[in-house]
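Numbering-wise, the sequence shown is residues 444 to 986 according to the numbering used here. Backbone N, C-alpha and C fix where the C-beta goes; we use that ideal spot for every residue, glycine too. Keep in mind that this is a model prediction, so the values were computed, not measured. The structure appears right after this line, and notes come after that.
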Amino acid sequence: MTHYIFIAGGVMSGIGKGVTTASIGRILKSKGFRVTALKIDPYVNVDAGTMNPKEHGEVFVTEDGTECDQDVGNYERFLDQNLKTVNYITTGRVYQAVISRERNLGYGGKCVEVVPHIPLEVISRIKKVSAANKADFCLIEIGGTVGEYQNLLFLEAARMMKLQHPKNVVFVLVSYLPIPKMIGEMKTKPTQYAVRSLNMAGLQPDIIIARAQVPLDVPRKKKISIFCNISEKDIISAPDVKSIYEIPVNFEKDNLGNRILKKFGMKAKRDDLRDWKKLVRIIKNPTGTIKIGIVGKYFKTGKFTLMDSYISVIEAVKHACSKYKIQPSISWLDSETYEKSPNSIKELNKFGGIIVPGGFGNRGVEGKIKAIRYCRVNKIPFLGLCLGMQLAVIEFARNVCKIKSANSTEFSKNCQGVIDLMPEQKKNLEKKNYGGTMRLGSYKCKIKKGTKAWKNYKKEYISERHRHRYELNNKFKTLLERKGMIMSGVNPETNLVEIVEISNHPFFVATQFHPEFQSRPLRPHPLFVGFIKQAIKKSRQKN
Ligand code: GLN
Numbered sequence: 444m445t446h447y448i449f450i451a452g453g454v455m456s457g458i459g460k461g462v463t464t465a466s467i468g469r470i471l472k473s474k475g476f477r478v479t480a481l482k483i484d485p486y487v488n489v490d491a492g493t494m495n496p497k498e499h500g501e502v503f504v505t506e507d508g509t510e511c512d513q514d515v516g517n518y519e520r521f522l523d524q525n526l527k528t529v530n531y532i533t534t535g536r537v538y539q540a541v542i543s544r545e546r547n548l549g550y551g552g553k554c555v556e557v558v559p560h561i562p563l564e565v566i567s568r569i570k571k572v573s574a575a576n577k578a579d580f581c582l583i584e585i586g587g588t589v590g591e592y593q594n595l596l597f598l599e600a601a602r603m604m605k606l607q608h609p610k611n612v613v614f615v616l617v618s619y620l621p622i623p624k625m626i627g628e629m630k631t632k633p634t635q636y637a638v639r640s641l642n643m644a645g646l647q648p649d650i651i652i653a654r655a656q657v658p659l660d661v662p663r664k665k666k667i668s669i670f671c672n673i674s675e676k677d678i679i680s681a682p683d684v685k686s687i688y689e690i691p692v693n694f695e696k697d698n699l700g701n702r703i704l705k706k707f708g709m710k711a712k713r714d715d716l717r718d719w720k721k722l723v724r725i726i727k728n729p730t731g732t733i734k735i736g737i738v739g740k741y742f743k744t745g746k747f748t749l750m751d752s753y754i755s756v757i758e759a760v761k762h763a764c765s766k767y768k769i770q771p772s773i774s775w776l777d778s779e780t781y782e783k784s785p786n787s788i789k790e791l792n793k794f795g796g797i798i799v800p801g802g803f804g805n806r807g808v809e810g811k812i813k814a815i816r817y818c819r820v821n822k823i824p825f826l827g828l829c830l831g832m833q834l835a836v837i838e839f840a841r842n843v844c845k846i847k848s849a850n851s852t853e854f855s856k857n858c859q860g861v862i863d864l865m866p867e868q869k870k871n872l873e874k875k876n877y878g879g880t881m882r883l884g885s886y887k888c889k890i891k892k893g894t895k896a897w898k899n900y901k902k903e904y905i906s907e908r909h910r911h912r913y914e915l916n917n918k919f920k921t922l923l924e925r926k927g928m929i930m931s932g933v934n935p936e937t938n939l940v941e942i943v944e945i946s947n948h949p950f951f952v953a954t955q956f957h958p959e960f961q962s963r964p965l966r967p968h969p970l971f972v973g974f975i976k977q978a979i980k981k982s983r984q985k986n
């Protein structure tokens with residue numbers, strides 16, 4: 444029987460509900476249970492693929508090809524488990540399913556109503572995920588903040604589930620306790636209101652995770668306990684931390700895992716956070732720092748920062764650094780600067796290594812190509828990801844193969860399209876069929892022996908996640924190879940190029956896929972590890 448834990452946020456957004464959910468998952472896993480996690484995004488968008496990363500953060504991709512919220516990435520990293528399409532629910536998806544069932548007479552002529560049919564669809568999805576994973580625990584994170592109109596139907600689903608299985612549902616509220624400067628004291632009132640809002644939806648929190656700058660003191664816990672109708676033991680301090688990976692360890696200081704188990708009348712099967720604690724010790728006590736530059740187009744951000752848009756890349760860098768017991772110092776480098784003032788490109792020398800990550804649209808592209816050329820010529824460790832790989836190929840075609848007008852047809856219609864669309868993608872674009880139609884999810888790749896990719900992966904077949912429309916045009920493959928570009932990874936079924944690299948360089952590797960999506964704190968991604976290793980070497984040589 445699965446036990447369900449709903450997690451919702453109070454007071455305000457951006458207080459780390461996703462990482463809280465992921466941390467609860469890690470703790471329960473460390474106590475010997477099977478865990479799965481599910482994100483509910485209260486958007487009418489069917490998936491996150493059509494959402495602007497400036498507004499919604501990174502679009503994470505599951506192995507079976509769903510474009511979802513970045514929190515699913517957090518779950519994967521903390522649980523060290525692959526999740527699937529079913530682990531992501533949006534309002535759009537729920538309505539789409541209900542409407543299509545109605546059109547097929549699936550409701551047998553009944554009036555289909557928002558309540559109960561929408562919450563019932565949500566519940567059936569939650570149960571399906573749990574059954575498919577044979578999970579002891581299913582964590583369900585409800586996006587948004589309690590009191591919002593948008594997530595009411597999901598809270599309603601939680602209420603109905605609690606009614607159906609009173610002993611099998613626990614509700615966690617992640618709240619925030621501000622310390623206003625002019626008062627200088629931690630205030631509990633916003634949390635009290637959040638709990639009232641939850642009560643109005645027919646729900647009472649079983650656990651409150653109290654996010655704040657510092658841990659809660661006894662008077663604060665007492666106050667929340669009395670006003671929010673909850674035992675002091677179920678109020679868990681969640682102070683600000685340096686590294687998100689510290690959070691499960693901190694929660695355990697307040698005994699969160701056992702408090703949750705107690706609610707379900709269960710006991711831990713084991714208790715093993717050792718590996719995790721070791722990782723946290725390394726992260727908190729690094730032996731040095733490595734400077735990594737990420738070259739991208741600068742964009743003014745809305746709700747999210749640049750970091751949010753590339754969270755998996757940043758985490759992958761951190762994971763690889765922890766293997767060498769060092770910490771990264773990451774700088775965002777605006778590629779348009781290299782277009783406007785070419786001399787500034789020399790700043791790349793300051794870094795141990797440079798990453799050009801994924802992206803869309805042609806702004807800043809020429810600056811990125813200049814940066815890649817600089818890394819190639821000056822032997823600066825370089826890792827290209829998706830668009831970063833496409834631009835590495837364009838740079839090589841222009842400057843080494845002397846194809847002057849080499850480009851991607853994404854950026855120029857009258858060019859030598861060394862990067863181009865496959866026929867089925869042309870059709871998608873003609874029909875404005877944008878949603879969920881990129882090349883998405885995991886594809887197999889065969890690694891060429893003796894290459895850098897081979898040296899790092901140490902195996903012949905790998906599988907990595909994709910999110911792109913354009914590909915290296917195989918018409919140019921022979922020429923590129925003749926001039927020294929190595930196609931070190933190729934999809935064995937479609938013959939599409941997945942990894943390119945060059946020899947005679949400490950590390951110049953670029954991938955059409957996104958390796959960052961599979962990097963885990965305790966299992967850093969081999970390509971990131973290889974890249975960081977060479978970046979460390981370069982910085983040591985310089986010093
Ligand atoms: N814009 C490129 C494409 O669609 C690259 C996408 C990416 O970097 N994720 O193929």
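Residue i to residue j span [Cα, whole Å]
i, j, result
"PRO682", "ALA655", "5 angstroms"
"ASN991", "ILE788", "Because the chain in this structure spans residues 444 to 986, residue 991 falls outside the shown range and cannot be described."
"GLU941", "LYS898", "16 angstroms"
"LYS926", "LYS685", "46 angstroms"
"TYR486", "LEU883", "21 angstroms"
"ASP523", "ASP715", "15 angstroms"
"LYS624", "GLU556", "48 angstroms"
"MET750", "GLY457", "13 angstroms"
"SER674", "GLN607", "24 angstroms"
"LYS696", "LEU864", "53 angstroms"
"ALA988", "TYR636", "With the chain running from 444 to 986 in the structure shown, residue 988 is simply not present."
"CYS829", "VAL799", "9 angstroms"
"VAL638", "LYS892", "59 angstroms"
"ASP586", "GLU907", "The sequence as given places Gly at residue 586; Asp does not occur at that position. In a straight line, the C-alpha of GLY586 is about 28 angstroms away from that of GLU907."
"PRO958", "GLY492", "18 angstroms"
"ARG990", "PHE960", "With the chain covering only 444 through 986, there is no way to say anything about residue 990."
"GLU779", "ILE812", "11 angstroms"
"SER573", "GLY453", "26 angstroms"
"LYS474", "SER784", "56 angstroms"
"TYR817", "LEU922", "22 angstroms"
"TRP719", "ILE754", "20 angstroms"
Contact test: residue i Cβ vs ligand 1 heavy atom, cutoff 7 angstroms
i, result
"HIS560", "no"
"GLN833", "yes"
"LEU830", "yes"
"GLU853", "yes"
"HIS608", "no"
"ARG910", "yes"
"LYS913", "It should be noted that the sequence gives Tyr, not Lys, for residue 913. Because some heavy atom of ligand 1 lies under 7 angstroms away, the Cβ of TYR913 counts as near it: yes."
"PHE803", "yes"
Per-residue DSSP class, three states only, for residue i
i, result
"LEU563", "helix"
"GLY627", "coil"
"ARG520", "helix"
"TYR913", "strand"
"TYR904", "strand"
"ARG536", "helix"
"SER668", "helix"
"TYR877", "coil"
"LEU826", "strand"
"CYS818", "helix"
"GLY508", "coil"
"ALA644", "coil"
"VAL799", "strand"
"GLN656", "coil"
Alpha helix (DSSP H) segment containing residue i, residue limits
i, result
"HIS499", "496 to 499"
"MET930", "Segment 928 to 933 is the beta strand (DSSP E) holding MET930; no alpha helix (DSSP H) there."
"HIS762", "754 to 766"
"ASP431", "Given that the chain is displayed from residue 444 to residue 986, the structure contains no residue 431 and the question cannot be resolved."
"LEU939", "Careful: LEU939 lies outside any alpha helix (DSSP H) and carries neither H nor E."
"GLU695", "690 to 696"
"THR528", "Per DSSP, THR528 belongs to no alpha helix (DSSP H) and is neither H nor E."
"PHE597", "595 to 607"
"ILE467", "460 to 473"
Within-8 angstroms CB hit, residue i to chain C
i, result
"LYS870", "Among the chains in the structure shown there is no chain C, since it carries only a single protein chain."
For residue i, the first and last residue of its enclosing beta strand (DSSP E)
i, result
"THR894", "Neither: THR894 is in no beta strand (DSSP E) and is coded neither H nor E."
"PHE951", "951 to 954"
Three-pair Cβ contact test at 8 angstroms for the stretch 954 to 969 versus the stretch 753 to 769: Between the stretch 954 to 969 and the stretch 753 to 769 there are three or more C-beta pairs closer than 8 angstroms, enough to call the two in contact.
- request: Would you be able to state if there are at least three C-beta pairs under 8 angstroms between the stretch 470 to 486 and the stretch 583 to 593?
  value: yes
message: Below 8 angstroms, how does it come out for the stretch 767 to 786 and the stretch 730 to 739: are there three or more Cβ pairs, yes or no?
response: With a cut-off of 8 angstroms, the stretch 730 to 739 and the stretch 767 to 786 count as touching, because enough Cβ pairs lie within range.
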